[in-house]
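Protein chains in written order, with numbering that gives the first Met the number 0: chain A, 0 to 555; chain B, 0 to 69.
Glycine included, every Cβ here is placed at the ideal spot set by N, Cα and C.
Please read all numbers here as calculations on a predicted model, not as lab measurements.
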Amino acid sequence: MSGRSNITFVSPATGLYFKTNMGGHFGLYCKLNGIDYITVRGVASFPVYLWIDGSEVKLRDASSLWGKTVRETTQALQKIHGSGINVACIGPAGEHRVAFASVMSSVYNAAARGGPGAVMGSKNLKAIAIASPRGTCSPQDVPTFRKVTQELREALYADSMADSYYTYGTAASVDLMNKMHTLPSYNFRRGDIDRIDELTSSYWNDHGLLKGRIGCASCIYSCHRFLRIDEGPHKGTYSAGPEYETVSALGTGPAISSIGALQKANDLCNDLGMDTISTGGAIQWAMETYERGLLPEEYTGKLDLHFGSEQAVTELPQMIAYRKGIGDLLADGVKKAAGRLGGETWNWAIHTRGLEQSRVETRGALSYALAFAMNPRGPDHLHTECLAEFGMTPEARQLIKDITGDEKYARADITDKRAEIVRWHEDIYAVSDSLGVCAFTTTAAYGATPERCARLFTALTGIPMEADQIMQAGRRILTLERLINLKLGWREDPSSYAPWRLMNERQESLDMDDPILDVEKMRSMVKEYYALHGWDKETGVPAKAIIEELKLSDFV
Amino acid sequence: MACKHLPFAQTLLEVDLTNREINLQQIGERDIELFLGGRGVAAYLLRQSLASSDAPMIFSTALSLARMFQ
Numbered sequence: 000m001s002g003r004s005n006i007t008f009v010s011p012a013t014g015l016y017f018k019t020n021m022g023g024h025f026g027l028y029c030k031l032n033g034i035d036y037i038t039v040r041g042v043a044s045f046p047v048y049l050w051i052d053g054s055e056v057k058l059r060d061a062s063s064l065w066g067k068t069v070r071e072t073t074q075a076l077q078k079i080h081g082s083g084i085n086v087a088c089i090g091p092a093g094e095h096r097v098a099f100a101s102v103m104s105s106v107y108n109a110a111a112r113g114g115p116g117a118v119m120g121s122k123n124l125k126a127i128a129i130a131s132p133r134g135t136c137s138p139q140d141v142p143t144f145r146k147v148t149q150e151l152r153e154a155l156y157a158d159s160m161a162d163s164y165y166t167y168g169t170a171a172s173v174d175l176m177n178k179m180h181t182l183p184s185y186n187f188r189r190g191d192i193d194r195i196d197e198l199t200s201s202y203w204n205d206h207g208l209l210k211g212r213i214g215c216a217s218c219i220y221s222c223h224r225f226l227r228i229d230e231g232p233h234k235g236t237y238s239a240g241p242e243y244e245t246v247s248a249l250g251t252g253p254a255i256s257s258i259g260a261l262q263k264a265n266d267l268c269n270d271l272g273m274d275t276i277s278t279g280g281a282i283q284w285a286m287e288t289y290e291r292g293l294l295p296e297e298y299t300g301k302l303d304l305h306f307g308s309e310q311a312v313t314e315l316p317q318m319i320a321y322r323k324g325i326g327d328l329l330a331d332g333v334k335k336a337a338g339r340l341g342g343e344t345w346n347w348a349i350h351t352r353g354l355e356q357s358r359v360e361t362r363g364a365l366s367y368a369l370a371f372a373m374n375p376r377g378p379d380h381l382h383t384e385c386l387a388e389f390g391m392t393p394e395a396r397q398l399i400k401d402i403t404g405d406e407k408y409a410r411a412d413i414t415d416k417r418a419e420i421v422r423w424h425e426d427i428y429a430v431s432d433s434l435g436v437c438a439f440t441t442t443a444a445y446g447a448t449p450e451r452c453a454r455l456f457t458a459l460t461g462i463p464m465e466a467d468q469i470m471q472a473g474r475r476i477l478t479l480e481r482l483i484n485l486k487l488g489w490r491e492d493p494s495s496y497a498p499w500r501l502m503n504e505r506q507e508s509l510d511m512d513d514p515i516l517d518v519e520k521m522r523s524m525v526k527e528y529y530a531l532h533g534w535d536k537e538t539g540v541p542a543k544a545i546i547e548e549l550k551l552s553d554f555v
Numbered sequence: 000m001a002c003k004h005l006p007f008a009q010t011l012l013e014v015d016l017t018n019r020e021i022n023l024q025q026i027g028e029r030d031i032e033l034f035l036g037g038r039g040v041a042a043y044l045l046r047q048s049l050a051s052s053d054a055p056m057i058f059s060t061a062l063s064l065a066r067m068f069q
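This is the structure in structure tokens:
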């Protein structure tokens, strides 16, 4: 359990439903100031921030904050209200409505994907600042709550992944993935880079770059890590991360092998308020377009855009955030950038429906491929993390057996049973997102089972809930999200199951017979998935029967 | 301010930036039972407002912020 919180909105990148999640303490501060949800409508006539202090809630002038970075904004608000406050704010990228601008809490916790920062910027809302917690929260049934949480804690401590998350953070598997050729590199043309050493968390630990760890509210893992670069051209750069996704997006993707350049690019994204995954995706698209001779000089100027260019990854974030030069082309995401340049540039724009893909080589991980195709927010891991399909721990193999009936399906390169695996993960993920449970405890380590989540829910609220009911609630949320997307114009489109490259080009270094996500392979999994959901097999529209069963008739 | 859990309800802070209006509402027990909290209730709130030309952005906290590990 943690202080994780969500931001829900219509994405400027996709035009569809979007939910993005951030760690840290923002949610805890809201809750202990008596607030569970904040809806923000309309547009302020001048820049404002929202100040919450117990029963006092006010909109205040933020004109003096406009133009400031995330760090500067946070420090300025702390100077006004005291260092104990929590700040969620946007940086220059949000003000300039970059399609992948993030909202940052406590400087380093990102609600990054899908562009929530651009939505805040469009509303002239610079920040939400919350006073130190005033109240307490008590569950309905304290003894049962304590019992369940103790069980959860013990299960998570005992999980095979627990020590790894603490010691190495989310980047623990970078070295292994590079060896297995599954680490997206060179804009998804390869699965490895030649010099990986500096990008591994063991290197950071061994060479004294790791300066600290912090956990979200009440977390036992403390996977959030801070690195400082002590030598070289980026000496003094200090930031949270880089997390696994950032290592691939801003490191191996653009073929950068220096931790100094990677951490500089990562810190710029944090401070300017931008998603590292989409920023990295945009940079890689620009590099490949440049190397193919299709990027006119009017865009590039003197910028070296070859793969491996440290100049590109350390200068482009600023150009994107302020929409300068080629930055303006990239700031709307690779879909629109490819649309503007036209021709074959579409083929290496690694997105679907406008969202740059997370750093998963889905040609070699078919549950992920299906999950990304069906994810209401686009090709992203943080809605349906299907790590279990790799069967890398005893707990993962047991889970696959529980879901499918046989441990033999704990392999990522087959289509069999992928729909069942994806649906289970979708359901539990919707539950954990709604309860505020960190994904690691449900879909990486497996302590927060449906049964424990149900008992936790009942102990918290007093509302009776069984394991099958809470998984059905997860399915209800997924179906509601599909209904929202249908209202917003989503239509079944097999060409949007995955980025063009992944559906049409082989990743030759993958150790599998058929390393390509062709339409027929995807279609077979999608049909099975729709059938499991009770949705129309051809259109993906939820059938009347399942809508009634899930009590969603009012939402069609 | 303490969280009020009897009867179970959650608090929604509505901010209208155009008109500079701020209101407090309650999310009822039935909605929590169906959509659990956090992401689920936020999706419900978004769907309720899709007819409006100004879809809101919704911040939601964790239902279970009750210090599980303390």
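Three CB pairs or more closer than 8 Å across the segment 299 to 313 of chain A and the segment 130 to 139 of chain A: Under the 8 Å Cβ criterion, the segment 299 to 313 of chain A does not count as touching the segment 130 to 139 of chain A, having fewer than three qualifying pairs.
The segment 395 to 413 of chain A touching the segment 8 to 19 of chain B, judged by at least three CB pairs closer than 8 Å: The segment 395 to 413 of chain A, when compared against the segment 8 to 19 of chain B, does not touch it at the 8 Å Cβ threshold.
For L381 of chain A, the nearest candidate out of A:G26, A:A429 and A:I319 (CA to CA): Cα-wise, what sits closest to L381 of chain A is A:A429.
Residue of A:E394, A:S159, A:N85 and A:R422 minimising C-alpha distance to V525 of chain A: The option with the nearest alpha carbon to V525 of chain A is A:R422.
In DSSP terms, what K18 of chain A is bridged to: Looking at the DSSP assignment, K18 of chain A forms a beta bridge with A:T7.
Partner residues on chain B for S433 of chain A, Cβ-Cβ distance less than 8 Å: The answer, in chain order, is F34, L35, G36, G37, R38, G39, V40 and L62.
Contacting residues, own chain, Cβ-Cβ under 8 Å from Y43 of chain B (five flanking each side not counted): Excluding its 5 nearest sequence neighbours in each direction, Y43 of chain B has C-beta neighbours in its own chain below 8 Å: D30, L33 and F34, listed in chain order.
Interface partners of K550 of chain A on chain B, CB under 7 Å: Near K550 of chain A (Cβ distances below 7 Å), the residues of chain B are L33.
Local Cβ density within 10 Å of I79 of chain A, reported as buried at 16 or more and exposed below that: It is exposed - the Cβ of I79 of chain A has fewer than 16 other Cβ atoms within 10 Å.
Backbone CA spacing between G235 of chain A and S121 of chain A [nearest angstrom]: Put simply, the backbone Cα of G235 of chain A is about 34 Å away from that of S121 of chain A.
Interface flag, D15 of chain B vs chain A, CB-CB below 8 Å: Closer than 8 Å: yes.
Anticipated Cβ contact below 8 Å, S201 of chain A with D174 of chain A, distance rounded: Contact between S201 of chain A and D174 of chain A holds, since their C-beta atoms are separated by about 7 Å, short of 8 Å.
Neighbour-count burial assignment, T538 of chain A, 16 or more Cβ in a 10 Å radius: Under this definition T538 of chain A is an exposed residue.
Contact check, G113 of chain A vs A12 of chain A, beta carbons under 8 Å: Cβ atoms of G113 of chain A and A12 of chain A: closer than 8 Å.
According to DSSP, residues forming a beta bridge with D60 of chain A: Beta bridge pairing from DSSP links D60 of chain A with A:V47.
Environment of V118 of chain A [buried if 16+ CB atoms lie within 10 Å]: Counting every other CB atom within 10 Å of its CB across the protein chains shown gives V118 of chain A a total of 16 or more, marking it as buried.
According to DSSP, residues forming a beta bridge with E355 of chain A: Among the bridge pairs identified by DSSP, E355 of chain A is matched with A:H350.
Cα-Cα separation, D303 of chain A to L294 of chain A: Approximately 12 Å between the Cα atoms of the pair.
Beta-bridge partners of C222 of chain A, as assigned by DSSP: Looking at the DSSP assignment, C222 of chain A forms no beta bridge with any residue, so it has no partner.
Limits of the unbroken alpha helix (DSSP H) element including Q47 of chain B: Note, Q47 of chain B: alpha helix (DSSP H), G37 to Q47.
Whole-angstrom distance between M318 of chain A and A170 of chain A, CA atom to CA atom: Near 27 Å, if we compare the C-alpha coordinates of M318 of chain A and A170 of chain A.
Check whether S101 of chain A and A87 of chain A have beta carbons under 8 Å apart: Between S101 of chain A and A87 of chain A, the C-beta gap is not smaller than 8 Å, which leaves the two residues out of contact.
Assigned secondary structure, C88 of chain A (DSSP; H/G/I helix, E/B strand, else coil): Three-state DSSP puts C88 of chain A in a strand.
Members of the segment 44 to 55 of chain B that neighbour chain A once the beta carbon cut-off is set at 7 Å: Residues of the segment 44 to 55 of chain B with a C-beta atom less than 7 Å from some C-beta of chain A are L44, L45, R46, L49, D53, A54 and P55, listed in chain order.
Euclidean distance between Cα positions of Q506 of chain A and Y107 of chain A: The alpha-carbon of Q506 of chain A is positioned some 34 Å away from that of Y107 of chain A.
Closer than 8 Å to chain A by CB, F58 of chain B: True, the Cβ-Cβ gap to chain A drops below 8 Å.
Whole-angstrom distance between N484 of chain A and Y16 of chain A, CA atom to CA atom: Cα to Cα, the separation comes out at about 6 Å.
DSSP state of T10 of chain B mapped onto helix, strand, coil: DSSP places T10 of chain B in strand when its eight states are reduced to three.
Minimum C-alpha distance to V69 of chain A - residue among A:L398, A:V56, A:A61 and A:G90: The shortest Cα separation from V69 of chain A among A:L398, A:V56, A:A61 and A:G90 belongs to A:G90.
Exposure label - V9 of chain A; buried when at least 16 CB within 10 Å: Residue burial is scored here from C-beta neighbours: V9 of chain A has at least 16 other C-beta atoms within 10 angstroms and is therefore classed as buried.
Between the CA atoms of W203 of chain A and G66 of chain A - distance to the nearest angstrom: Straight-line Cα distance between these residues: approximately 33 Å.
Residue of A:R152, A:Y48 and A:H305 minimising C-alpha distance to S63 of chain A: Selected option, being the one with the closest Cα: A:Y48.
Residues of the segment 479 to 510 of chain A whose Cβ lies closer than 8 Å to any Cβ of chain B, in chain order: Under the 8 Å Cβ criterion, the segment 479 to 510 of chain A contributes L479, E480, L482, I483, K486 and L487.
Residue from A:R454, A:V518 and A:A418 whose Cα sits closest to the Cα of L531 of chain A: In terms of Cα proximity to L531 of chain A, the closest of A:R454, A:V518 and A:A418 is A:A418.
Cβ contact check for the segment 275 to 283 of chain A and the segment 209 to 225 of chain A: 3 or more pairs under 8 Å: Result no; under three Cβ-Cβ pairs closer than 8 Å.
N374 of chain A beta carbon less than 8 Å from that of W499 of chain A: No, the pair does not count as a contact, with Cβ atoms beyond the cut-off.
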